[in-house]
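Quick note, in this note's numbering, the sequence shown goes up one by one and the last residue is 1756.
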Amino acid sequence: MLNDIACYRCLNRACMIQDPQRELNPDGSASNPWSLCTVELVESLKALFRIFPMWSSGIMIFVTIGQFAFSILQTKTMDRHIFPQFEVPAASFSTFLIIASTIWLILYDRILVPLLSKYTGQREGLSPITRMGFGLVISCMSMALSAITESIRRQRAIEQGLEDDPKALVNMSAMWFVPQYALLGVAEAAHAVGQIEFYYSILPKSMASIAPAMYTIGTAVLGLVESILVSGVDWLISTGGKTSWLSSNINRGHLDYYFWLLTFMSVINFKIMMVCCTALLNNGPRNDGSNRLSHEAEGKQCDYRLLPES
C-alpha cells in the first residue's frame, strides 16, 4: 500500500487504471509507462517532494559557511600570532571549524547520545529534525558573533587612523575569530548529520543513495546563491555612489551590516524550517490501515492493482 500524503494525493492518479484493456499489456505491465506508473515510482516521487522543503532550508547554512571567505580579508589585517615566533596564515583559520566539527561529533556520539537517549527514548539521542534545527540556531549565533566581531575590528581600525589603509595591521588579535569558527563547525556537523539521517528516514531503501547526493547538491547550490547574494547586496548598497558594505576597503565598508543581514536571513530560514516541520508531521504517512488509493479508485470507477516492475 502506498503511504498517502494529503497534499500530494493528486499524484495517486498516475497509478490508477481506468481502462485495463487499453492501458495494460497482456503480461500486466503498463503499455505506456509515461501515463501509467507503478505504485513504487509514485511513492518515490512523493518522498522527493517531502524532503525538498527541508533540503531547501539547509541551503542557508551553506551560505553562512561560504561567507567566511571574507574572514580571510579580516584576519589579514589583524595580529595572527599565537606565539612570538609563530603566525597563523589567514586562510588556515578555517581549521578551527574542522576541529570544532570533529570534537562535536565525538562528544555527541560518545557522551550526549547515551545521556539524551534516556530522556528522549530514541537510540540516536535527538531526532534528525531536532539536530537540523539545532544546527540552524547555532549558525544564527555564529553570524551574529561575526557581525559583533567585525564591528569591533572596524571601530578599532578607524580609531587607529587606518580607515584609508585596508592592508595595515589593526591592534587586535585574530583569535577573536576562533569562537565564530567553532560555532559554525558545531552547526555544520549537527545539521549535516541530521540532514542525511532525515533523508534516510524518509526515502525508500531503493533511493538510499540519494541521501548523501542531496547534501552534496546543497553545497553545489551554495556557489550560485552566494554569488547572487553578494552581487545583489553590492549593487543595491552602492547605488548612487554610496560606499558598498562589501567594499574592497573593508575599513570603509560595512561587513558587519552584511553579517547582520545574514543573521536575519538565518533566523527567517529557521522559522521557515519550523513551518516545514509542522507541515511534514501533519501530512506525514498515515498508519490507520486505510487504503486511500482504493477509495479514490472506487470514486472514479477506476481499477487499482500493483503493476509488475519493468
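Every residue gets a Cβ at the ideal spot worked out from N, C-alpha and C, and that includes glycine.
- In the assembly as shown, Ile-1663 is an exposed residue. Its beta-carbon has fewer than 16 other beta-carbons within 10 Å.
- Going by beta carbons, Asn-1715 and Pro-1612 fall outside the 7 Å limit.
- Under the DSSP definition of a beta bridge, Val-1616 partners with Met-1524.
- Between the alpha carbons of Ile-1648 and Asp-1555 lies a gap of roughly 22 Å.
- At a cut-off of 4 residues, the continuous stretches assigned as alpha helix (DSSP H) that sit fully inside the region 1591-1654 are 1624-1648.
- A distance below 7 Å separates the beta carbons of Ser-1712 and Met-1506.
- Shown here, Leu-1572 sits in coil according to DSSP, grouped into three states, outside any helix or strand.
- Assigned with DSSP and collapsed to three states, Leu-1562 falls in helix.
- Between the region 1668-1680 and the region 1511-1527, the count of C-beta pairs closer than 8 Å reaches three or more; the two stretches touch.
- In the DSSP assignment, Val-1509 falls within the unbroken alpha helix (DSSP H) covering 1505-1512.
- Secondary structure note for Phe-1542: its alpha helix (DSSP H) is the uninterrupted segment 1541-1553.
- The C-beta of Glu-1596 has 16 or more other C-beta atoms within 10 Å across all chains shown, which makes the residue buried.
- Per DSSP, the continuous alpha helix (DSSP H) segment holding Met-1660 begins and ends at 1656-1683.
- Under the 8 Å Cβ criterion, the region 1633-1645 counts as touching the region 1575-1585, having at least three qualifying pairs.
- Around the CB of Gly-1678, fewer than 16 other CB atoms lie within 10 Å, so the residue is classed as exposed.
- Contact between the region 1702-1711 and the region 1586-1596 is present: three or more C-beta pairs spanning the two stretches fall below 8 Å.
- When C-beta atoms of the region 1551-1570 are compared with those of the region 1520-1539, fewer than three pairs fall below 8 Å, so the two segments do not count as touching.
- The beta carbon of Arg-1526 lies closer than 7 Å to those of Glu-1533, Val-1534, Ala-1536, Ala-1620 in the same chain, with the five residues before and after it left out.
- Burial is judged here by how many other beta carbons sit within 10 angstroms of a residue's own beta carbon; Val-1721 has fewer than 16 and is exposed.
- Around the C-beta of Lys-1492, 16 or more other C-beta atoms lie within 10 Å, and the residue is accordingly described as buried.
- Just so you know, the alpha carbons of Asp-1680 and Trp-1691 end up roughly 7 Å apart.
- Straight through space, the alpha carbons of Phe-1623 and Glu-1486 are spaced by roughly 50 Å.
- Excluding its 5 nearest sequence neighbours in each direction, Leu-1562 has C-beta neighbours in its own chain below 7 Å: Gly-1571, Leu-1572, listed in chain order.
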